[in-house]
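Chains as they are written, first to last, in this note's numbering: chain U, 110 to 335; chain Y, 110 to 335.
Virtual Cβ for every residue (Gly too), placed ideally from N, Cα, C.
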């Protein structure tokens with residue numbers, strides 16, 4: 110498949126047909142994704158393919174807890190989050206205990222135990238960049254060595270006629286996921302990836318134009334144009 | 110260009126010929142990269158194309174400070190970092206002030222002011238995931254909404270016959286970069302991207318096989334195979 114065509118049509122896909130994904134197809138996309146760049150070429154990603162029905166159910170339930178916490182923030186108008194303010198997950202603005210008990214609209218989560226492919230994406234913490242360590246804000250640079258791999262996965266899935274999504278909602282329940290999958294404290298849950306044959310293949314994604322995000326020489330200066 | 114061929118041959122490239130990159134080419138790759146997924150489709154990325162020679166020189170010097178700090182850790186065998194230990198940038202194991210003054214091998218940094226394309230990639234903090242907020246480790250999930258865009262940029266560059274690299278070393282000097290480029294505290298430096306015509310196009314990247322990182326149902330259990 111053409112690279113640019115794949116990029117332009119790889120949107121988040123959360124609804125799949127019941128058609129299974131064969132292992133050969135999954136292997137090919139993992140085999141393509143592994144060429145992603147990473148700091149020092151340390152390739153910190155690990156993938157756990159969740160097949161056991163009980164484990165799938167457990168992951169789906171853990172995902173649901175995180176989703177309901179998220180939804181409580183959405184309902185209160187707290188998303189997008191204000192960095193450093195009370196609008197973050199551990200801030201006092203939302204009663205997380207109560208949120209986890211309350212129903213929230215979650216079509217994706219309800220079907221999650223039965224998605225054709227469920228992957229848990231892990232990252233080796235010691236291999237990640239720590240260059241924003243000590244800055245007065247949330248660290249983000251560690252993701253630079255694992256989410257390019259995730260994007261490769263989604264693009265390669267598109268090439269196989271599959272759709273999918275990478276979500277970080279499961280990360281909220283990392284200690285329980287660690288116990289379930291048996292990984293050490295030196296690894297983090299970078300995300301959950303669901304893949305399958307899409308109910309609808311999106312042809313046109315909603316995105317802002319280049320001029321809205323690219324500027325010359327200073328932030329929000331002259332928009333970049335060709 | 111074929112998607113899988115592009116993925117398999119997009120390695121980090123840090124040496125460029127003097128040939129310039131035309132604006133039409135840069136625009137096309139920004140136009141392809143913008144289709145990356147992001148949490149809530151909030152598209153938190155901003156790109157500043159650095160053209161002004163003085164600003165380029167300033168960025169290159171700020172990069173050099175971070176590189177020398179990094180190199181001091183490498184010399185002491187502290188990379189990869191041990192999460193939570195003294196081996197992190199702000200730990201006491203390395204005298205950062207002294208490190209910044211000492212020379213370090215840095216071919217890339219020495220040529221940085223003159224790379225054909227210099228981009229600073231910013232991310233809007235309030236738009237990023239905070240799902241690992243409160244866990245006892247470095248946060249990484251914020252990167253999930255910006256580094257897929259970075260990977261798209263590098264893949265699209267490959268499609269234009271260009272090579273490049275995304276580095277997080279510049280992030281160390283975020284306060285100075287903020288002052289230079291005029292962006293508010295609600296934005297973070299996600300990385301520096303350098304692009305150009307590669308001196309050598311790598312055809313075969315060194316990466317571990319699928320069986321080394323993908324497992325079924327539990328961490329380091331049965332390797333996944335097709």
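Item to complete: Tell me residue 131(Y)'s beta-bridge partners as DSSP assigns them.
Response: Answer is none; residue 131(Y) lacks a bridge partner.
Worksheet item: Between 215(U), 174(U), 162(U), which lies nearest to residue 227(U) when the distance is taken from Cα to Cα?
Response: The residue with the shortest Cα to Cα distance from residue 227(U) is 162(U).
Worksheet item: In three-state DSSP terms, what is residue 232(U)?
Response: DSSP places residue 232(U) in strand when its eight states are reduced to three.
Worksheet item: When DSSP labels each residue in this structure, what does residue 125(Y) get in the three-state scheme?
Response: Per DSSP, reduced to three states, the secondary structure at residue 125(Y) is strand.
Worksheet item: For residue 230(Y), which option in 174(Y), 263(Y), 207(Y), 214(Y) has the closest C-alpha, if you only look at C-alpha atoms?
Response: In terms of CA proximity to residue 230(Y), 263(Y) leads the group 174(Y), 263(Y), 207(Y), 214(Y).
Worksheet item: So what does residue 307(U) bridge to, in DSSP terms?
Response: DSSP, once it has assigned bridges, lists 125(U) as partnering residue 307(U).
Fill in: Close beta carbons around residue 148(Y), own chain, < 8 Å, minus the five adjacent residues each side
So the qualifying residues of the chain are 236, 237, 238, 253, 254.
Worksheet item: Which first and last residues belong to the beta strand (DSSP E) in which residue 266(Y) is found?
Response: Element bounds for residue 266(Y): not the beta strand (DSSP E) but the alpha helix (DSSP H), 256–268.
Item to complete: Go through its chain and collect everything with a Cβ distance to residue 135(Y)'s Cβ below 8 Å, but skip five positions before and after it.
Response: Same-chain partners within the cutoff: 158, 226, 304.
Worksheet item: Rounded to a whole number of angstroms, what is the C-alpha to C-alpha distance between residue 129(Y) and residue 146(Y)?
Response: Going from the Cα of residue 129(Y) to the Cα of residue 146(Y) covers about 30 Å.
Discussion item. Do residue 178(Y) and residue 208(Y) count as a contact pair if the criterion is CB distance below 8 Å?
Written reply: At the C-beta level, residue 208(Y) and residue 178(Y) come within 8 Å of one another.
Worksheet item: Can you tell which of 203(Y), 258(Y), 244(Y) has its C-alpha closest to the C-alpha of residue 139(Y)?
Response: Considering only alpha carbons, the answer is 258(Y).
Worksheet item: DSSP three-state call for residue 119(Y): helix, strand or coil?
Response: Residue 119(Y): coil per DSSP, three-state reduction.
Item to complete: Tell me whether residue 316(Y) is buried or exposed, calling it buried when 16 or more other Cβ atoms sit within 10 Å of its Cβ.
Response: The residue in question, residue 316(Y), is buried, as its Cβ has 16 or more Cβ neighbours within 10 Å.
Worksheet entry | Alpha carbon of residue 219(Y) to alpha carbon of residue 173(Y), nearest angstrom | Between residue 219(Y) and residue 173(Y), the C-alpha separation is close to 8 Å.
Worksheet item: Alpha carbon to alpha carbon, how far is residue 217(U) from residue 122(U)?
Response: Cα to Cα, residue 217(U) sits roughly 10 Å from residue 122(U).
Practice prompt. Within 10 angstroms of the Cβ of residue 272(U), are there 16 or more other Cβ atoms? Answer buried if so, exposed if not.
Written response: Residue 272(U) is buried by the Cβ-count criterion.
Worksheet entry | Candidates 295(Y), 221(Y), 287(Y), 275(Y), of which the one nearest residue 126(Y) by Cα | Taking the Cα of residue 126(Y) as reference, the smallest distance to any Cα among 295(Y), 221(Y), 287(Y), 275(Y) is reached at 221(Y).
Item to complete: For residue 198(Y), collect the residues of the same chain with a Cβ closer than 7 Å to its Cβ; drop the 5 residues on either side in sequence, then sort them by chain order.
Response: Note on residue 198(Y): pLDDT 48, under 50, position unreliable in the model; the coordinate value appears next. Hits under 7 Å: 178.
Discussion item. Measuring only the C-alpha atoms, how far is residue 164(Y) from residue 175(U)?
Written reply: Whole-angstrom Cα-Cα distance: 43 Å.
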